[in-house]
Amino acid sequence: MNEELDETLHSVRLAGLGLTLPDVPAPVAAYQPALVSGGQAFTSGQLPFVNGTLAEVGKVGAGVSPERAHELARIAALNAVAAAASVCGGVDGIRRVVKVVVFVASDPSFTGQPGVANGASELLQQVFGARGSHVRSAVGVAVLPLDSPVEVELVVEVNAASF
Numbered sequence: 534m535n536e537e538l539d540e541t542l543h544s545v546r547l548a549g550l551g552l553t554l555p556d557v558p559a560p561v562a563a564y565q566p567a568l569v570s571g572g573q574a575f576t577s578g579q580l581p582f583v584n585g586t587l588a589e590v591g592k593v594g595a596g597v598s599p600e601r602a603h604e605l606a607r608i609a610a611l612n613a614v615a616a617a618a619s620v621c622g623g624v625d626g627i628r629r630v631v632k633v634v635v636f637v638a639s640d641p642s643f644t645g646q647p648g649v650a651n652g653a654s655e656l657l658q659q660v661f662g663a664r665g666s667h668v669r670s671a672v673g674v675a676v677l678p679l680d681s682p683v684e685v686e687l688v689v690e691v692n693a694a695s696f
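For what it's worth, our numbering labels the leading residue of the sequence shown as 534, then goes sequentially.
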């Protein structure tokens with residue numbers, strides 16, 4: 534894969550998908566939504582907030598369908614991009630996505646965490662093209678903050694020209 538071939542601005546791709554970056558959700562505890570260190574930006578876990586409200590609560594496989602959780606992971610990933618962009622000089626200040634971690638609040642019998650996490654991964658690849666290809670962990674957990682079904686965190690490489 535040659536990531537240098539595609540120089541399309543991420544903001545252009547985002548608009549082409551009919552998406553805009555949401556406002557960065559306010560932290561629900563004592564932390565920063567994102568920070569830059571050593572040429573990378575790290576986000577705190579982002580929940581699927583829409584207009585300041587958690588889009589859904591519950592466990593995947595028990596009340597929340599895998600399909601709905603896939604969409605919620607997409608929403609949480611967009612929130613994570615917004616958090617990263619807030620410290621990178623905008624979405625075009627993000628050079629590439631490095632790592633994605635998706636936590637899935639799962640019923641004990643649910644084993645489809647990778648399919649849920651694909652919601653986040655697919656969005657990132659749509660927005661960043663080849664530079665959205667990343668390493669990933671999809672982790673099933675008993676409960677997440679505010680009873681959210683999913684939480685997404687990112688590590689991105691920052692464009693040096695952004696600062």
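Quick reminder that beta carbons are idealized off the backbone N, C-alpha and C, glycines included.
* **Between the CA atoms of P555 and G638 - distance to the nearest angstrom** => For the sequence presented, residue 638 should be read as Ala rather than Gly. Using only the alpha carbons, I get a separation of about 23 Å.
* Using alpha carbons as the reference points, say which of L542, A606, L587, T586 lies closest to V672. => A606
* To do: For E600, count neighbouring C-beta atoms within 10 Å of its own C-beta (all shown protein chains included) and say buried if the count is 16 or more, exposed if not.
  => exposed
* To do: Please go through the same chain and pick out, in chain order, the residues whose beta-carbon is closer than 6 Å to the beta-carbon of A675, but skip the five residues on each side of it.
  => none
* **Distance between beta carbons of A653 and A609, contact taken as under 8 Å** => 7 Å
* **Among V583, V597, G626, nearest to V646 - alpha-carbon criterion** => At residue 646 the sequence reads Gln, which differs from the Val that was named. Ranking V583, V597, G626 by Cα distance to Q646 puts V597 first.
* To do: Grab me the residues of D640's own chain with a C-beta within less than 6 Å of its C-beta, minus the 5 sequence neighbours each way, in chain order.
  => K592, G594, A595
* To do: Could you round the C-beta distance between S681 and P581 to whole angstroms and report it? I think they count as a contact, below 8 Å.
  => 7 Å
* Based on the DSSP output, what are the partners of V583 in its beta bridges? -> T586
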